[in-house]
Amino acid sequence: MLTYLPWIDLVDILLRGGNAADAAVAVAAALNVTEPCSTGIGGDAFCLFYDAQSGSVKGLNGSGRASSQATLSCLAGLGFTKDCLFSKRHGLTVTVPGAAAAWVDTVENFGSGKELASQGKPGFYCGRVARALSQAVQQHGGLITVEDLQAHQTTFDDPISTSYRGVRVWEMPPSGQGLTALMALNILEGFDLQALRPNSAEYLHLVIEALRLSFADTMWYNADPSHVTVPVQELLSKDYAARRRDLIDPDRATADVLKGSPFTSSDTVYFCTADADGNACSFINSNYMGFGTAIVPEGCGFTLQNRGCGFSLDPAHPNVMAPNKRPYHTIIPSLVTSDTTGELLSVFGVMGGFMQPQGHVQVLLNQVEFGMNPQQALDQPRICLEDVDRDDGVHVGSINSKVLLEEGIADDDVQMLRTMGHPVSIASGYKRSIMGRGQVITRGAWWAKPSGGADVCSDAAVYWAGSDPRADGCVAAY
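For the sequence shown, position 306 matches number 305 in numbering that gives the first Met the number 0, and the numbering has no gaps at all.
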């Protein structure tokens, strides 16, 4: 089973013996042609893979790093500091594109063992393509060299997770922002959400405040763990969630949410696949903004991403730009297992910049708390915190964002949120695109059980799926 764009017929990959990972990479390659604005070989990719044979969840980090020359002194010499930032499409925003290696490594490590394209990774990171890529970046003021490209390596990172009402939710670790979704779920677990009406003002108030608290932390602490210490264990502890939860006033929006102290000392494509053997792949690929930098290496036919926008230039910030460092990453795949048996329950994701952890939380709550099937969970109106990445928020760990409410939320609830102090506005028409585009595959109807997935249903062999009505996706199966 796959969820992806309808004009790409890739079920045949599964019919010919390919598994969920093979199908995911085939979809990624096809989308390189059909959605070049959002994704492609010049971008980055992440993957969560459920191995049915071992019952384990594995993570692949296919994001690239800044140039080995990207020191703050070098940037200052070019005229860029924390008070004078480069534009979002400047050549300096290009980090090494990791998608090409990620596709190869996904198939080699998680796939069925079929042969790869003849040139593999060297065809992209060495030779003509590498020379054209580095030359194009440098012509636009960037620093990427052929040596930077040759040094690139995909990493296989242990996913992070938290328990929530009988399910275990998995995300990629920092520098990805999946940590934000898990922290928000930990905070929300302390409230009786089932007693509230879906998308009621009382419910949305709690979701908004939990997300604000989580973003305030991750906008400060989330960075490349190979360069700085990221307190993941502390941020994901239930005790820390309880302390953050205590800051929420059930009747009033917090004026300004600040980062806590956990130490005890926009453009993307998402799709998911599952196969007959029970393997599943949650895969996301992105150029960041539309067409990334819009830089096209000569003779290559693809654009380069602008993930370097995710860095801070503040020397005191954990996410400060540095040589061979990965930036804060917005793209995050997600996966759900039973917290008691470890069996696969769902692969899902919601693409869309900083909307992604917000979408993960809302879609999952629709299923776990309110018993919605995958399509219903995606169809529900959403909320989105705007401007969580503004410069003052990034530098001081403060989140005081506006809130967009998708059309379909009742007028009375909108007015009550305003009365509570939330600066809300309505997203209608094209503006709804900010709410992201999601895809969901579930194994069994666990979402219909009051236990919220504590036990895998007897019909666990049956796949259910949904595709977001905000986009052109669909479900395909055989």
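The C-beta atom is built at its ideal place from N, Cα and C for all residues, glycine as well.
Exercise for review: Kindly identify the DSSP beta-bridge partner or partners of E406.
Suggested key: Locating residue 406 in the sequence shown gives position 407, where the first residue counts as 1. Per DSSP, I408.
Check your understanding: For the beta strand (DSSP E) that Y202 lies in, which residues bound it at each end?
Key -> As a first step, residue 202 must be located in the sequence shown, where it is residue number 203. Taken as a continuous stretch (DSSP letters only), Y202 belongs to no beta strand (DSSP E), being part of the alpha helix (DSSP H) at 200-220.
Check your understanding: H89: which of M320, P356, C308 sits nearest, CA to CA?
Key -> Taking the sequence shown and counting its residues from 1, the one referred to as residue 89 is at position 90. Out of M320, P356, C308, the CA that lies nearest to the CA of H89 is found in C308.
Practice item. Could you tell me which residues DSSP puts in a beta bridge with V346? Key: Counting from 1 along the sequence shown, the entry for residue 346 is found at position 347. DSSP output for V346 lists L334, I440 as bridge partner(s).
Exercise for review: Can you tell me which of E201, L178, F282 puts its alpha carbon nearest to the alpha carbon of S213?
Suggested key: In the sequence shown, counting from the first residue as 1, residue 213 sits at position 214. Considering only E201, L178, F282, the residue with the shortest C-alpha distance to S213 is L178.
Check your understanding: Quick one, are the C-beta atoms of W446 and V346 less than 8 Å apart?
Key -> Your numbering for residue 446 matches position 447 in the sequence shown. Your numbering for residue 346 matches position 347 in the sequence shown. No, Cβ-Cβ distance for W446 and V346 is not below 8 Å.
Review point. What do you get for R431, buried or exposed, if any count of 16 or more other CB atoms within 10 angstroms of its CB means buried?
Key: Counted from its first residue, the sequence shown places residue 431 at position 432. R431 is buried by the Cβ-count criterion.
Review point. Per DSSP, what kind of secondary structure is S133 in: helix, strand or coil?
Key: Within the sequence shown, the letter at position 134 stands for residue 133. The answer is helix: DSSP assigns S133 an H, G or I state.
Practice item. Take every Cβ of the segment 38-48, pair it with every Cβ of the segment 94-108, and state whether three or more of those distances are shorter than 8 Å. Key: Using a C-beta cut-off of 8 Å, the segment 38-48 makes contact with the segment 94-108, since at least three inter-stretch Cβ pairs fall below that distance.
Check your understanding: Can the beta-carbon of I186 be found less than 8 Å from the beta-carbon of E170?
Key -> Start at 1 with the first residue of the sequence shown, and residue 186 comes out as number 187. Start at 1 with the first residue of the sequence shown, and residue 170 comes out as number 171. Result no, Cβ atoms of I186 and E170 do not sit closer than 8 Å.
Point to revise | Spatial distance of R164 from D245 (CA atoms) | key: Walking along the sequence shown from the start, residue 164 turns up at place 165. Walking along the sequence shown from the start, residue 245 turns up at place 246. Looking at the two C-alpha atoms, the distance is approximately 20 Å.
Practice item. Work out the CA separation of A180 and M354 for me, nearest whole Å. Key: Counting from one through the sequence shown, the residue named residue 354 turns up at place 355. Counting from one through the sequence shown, the residue named residue 180 turns up at place 181. Their Cα atoms are separated by approximately 10 Å.
Point to revise | Beta-carbon proximity list for V360, same chain, < 8 Å, skipping 5 on both sides | key: Reading the sequence shown from its first residue, position 361 is the one you call residue 360. Around V360: A180, A183, L184, L187, V206, A209, L210.
Check your understanding: Nearest to Q375 by CA position, among S236, A194, A20, L363, is which residue?
Key -> Start at 1 with the first residue of the sequence shown, and residue 375 comes out as number 376. The shortest Cα separation from Q375 among S236, A194, A20, L363 belongs to L363.
Review point. Quick one: is L203 buried, meaning 16 or more other Cβ sit within 10 Å of its Cβ, or exposed?
Key: To locate residue 203, count along the sequence shown from 1; it is residue 204. With 16 or more other Cβ atoms within 10 Å, it is buried.
Practice item. Tell me whether the beta-carbon of L64 lies closer than 8 Å to the beta-carbon of T92. Key: As a first step, residue 64 is located in the sequence shown; it is residue number 65 there, counting from the start. As a first step, residue 92 is located in the sequence shown; it is residue number 93 there, counting from the start. It is Arg, not Leu, that sits at residue 64 in the sequence shown. Not a contact, by the Cβ cut-off of 8 Å.
Review point. Where does L416 land, buried or exposed, given buried means 16+ other C-beta within 10 angstroms?
Key: Locating residue 416 in the sequence shown gives position 417, where the first residue counts as 1. Buried, because 16 or more other Cβ atoms sit within 10 Å of the Cβ of L416.
Practice item. Tell me whether A476 is buried or exposed, calling it buried when 16 or more other Cβ atoms sit within 10 Å of its Cβ. Key: Mapped onto the sequence shown, residue 476 falls at position 477. In summary, A476 is exposed, with fewer than 16 beta-carbon neighbours lying within 10 Å of its beta-carbon over all protein chains present.
Exercise for review: Excluding the 5 residues preceding and the 5 following P173 in the sequence, name in chain order all residues of the same chain whose CB lies nearer than 6 Å to its CB.
Suggested key: Residue 173 sits at position 174 when you count from the first residue of the sequence shown. Excluding residues within five positions, the ones whose Cβ falls inside 6 Å are N221, P224, V229.
Check your understanding: Is DSSP giving V268 helix, strand or coil here?
Key -> The count along the sequence shown starts at 1 and reaches residue 268 at position 269. Of the three classes helix, strand and coil, the one that applies to V268 here is strand, per DSSP.
Exercise for review: Output the distance between the C-alpha atoms of V461 and G443, rounded to the nearest integer angstrom.
Suggested key: Reading the sequence shown from its first residue, position 462 is the one you call residue 461. Reading the sequence shown from its first residue, position 444 is the one you call residue 443. Straight-line Cα distance between these residues: approximately 5 Å.
**Study point:** Helix, strand or coil at V393 [DSSP, three-state]
**Key:** Translated into positions along the sequence shown, residue 393 becomes position 394. Residue placement at V393 is poorly supported in this model, since its pLDDT is 44, which falls under 50; the coordinates still yield a value, given next. Of the three classes helix, strand and coil, the one that applies to V393 here is helix, per DSSP.
Point to revise | Contact check, R469 vs M419, beta carbons under 8 Å | key: Looking up residue 469 in the sequence shown gives position 470. Looking up residue 419 in the sequence shown gives position 420. R469 is not a Cβ neighbour of M419, given a cutoff of 8 Å.
Review point. Are there three or more Cβ pairs, one per stretch, closer than 8 Å when the segment 45-55 is compared with the segment 117-128?
Key: Of all C-beta pairs linking the segment 45-55 to the segment 117-128, fewer than three are shorter than 8 Å, placing the two stretches out of contact.
**Study point:** Outcome for K237 when other beta-carbon atoms lying within 10 angstroms are tallied against a minimum of 16
**Key:** On the sequence shown, residue 237 is found 238 positions in, with the first residue counted as 1. Burial call: exposed.
Point to revise | Sequence-distant residues of its chain with Cβ nearer than 8 Å to S264 (five each side left out) | key: As a working mapping, residue 264 is identified with position 265 in the sequence shown. At S264 the pLDDT is 45, less than 50, meaning the model places this residue with poor confidence and gives no usable figure here.
Review point. Under 8 Å, do L312 and L30 count as touching if we go by C-beta distance?
Key: Position 313 of the sequence shown, counting from 1, holds the residue named residue 312. Position 31 of the sequence shown, counting from 1, holds the residue named residue 30. When the beta-carbon positions are compared, L312 and L30 stay at least 8 Å from each other.
Review point. Which one of P35, A135, S281, G54 has the shortest CA to CA distance from L339?
Key: The count along the sequence shown starts at 1 and reaches residue 339 at position 340. Here residue 339 is Thr; the residue named in the question, Leu, does not match the sequence. Cα-wise, what sits closest to T339 is G54.
Practice item. Out of T33, S66, A464, C473, state which residue places its alpha-carbon closest to the alpha-carbon of A279. Key: As a working note, residue 279 is residue 280 in the sequence shown. Nearest to A279 by C-alpha distance, out of T33, S66, A464, C473, is A464.
Review point. What's the gap between the Cα of G452 and the Cα of K81?
Key: Within the sequence shown, numbered from 1, the residue matching residue 452 stands at position 453. Within the sequence shown, numbered from 1, the residue matching residue 81 stands at position 82. Any answer about G452 is weak, because its pLDDT of 48 lies below 50 and its placement is not dependable; what the coordinates show is given next. So the alpha carbons of these two residues sit roughly 46 Å apart.
Point to revise | Bounding residues of the beta strand (DSSP E) (the contiguous stretch that carries S424) | key: Stepping through the sequence shown from its first residue, residue 424 is reached at position 425. Counting along the chain, the beta strand (DSSP E) containing S424 begins and ends at 423-426.
Exercise for review: Identify the continuous beta strand (DSSP E) that holds K57 and give its terminal residues.
Suggested key: What you label residue 57 is simply residue 58 of the sequence shown in a count that begins at 1. Per DSSP, K57 belongs to the beta strand (DSSP E) from 55-61.
Check your understanding: Curious, which full-length beta strand (DSSP E) runs of at least 3 residues does the segment 247-334 contain?
Key -> Those beta strand (DSSP E) runs which fall completely within the segment 247-334 and span 3+ residues are 266-273, 279-287.
Exercise for review: Would you mind sorting K87 into buried or exposed? The rule is 16 or more other CB atoms within 10 Å of its CB.
Suggested key: Counting from 1 along the sequence shown, the entry for residue 87 is found at position 88. Flag for K87 reads exposed.
Check your understanding: On the three-state DSSP scale, how would you describe V168?
Key -> By 1-based counting over the sequence shown, the position of residue 168 is 169. In the three-state reduction of the DSSP assignment, V168 falls in the strand class, which pools E and B.
Exercise for review: Please report how far the alpha carbon of G484 lies from the alpha carbon of V145, in whole angstroms.
Suggested key: As displayed, the chain neither begins before 0 nor continues past 477, which places residue 484 out of reach and without an answer.
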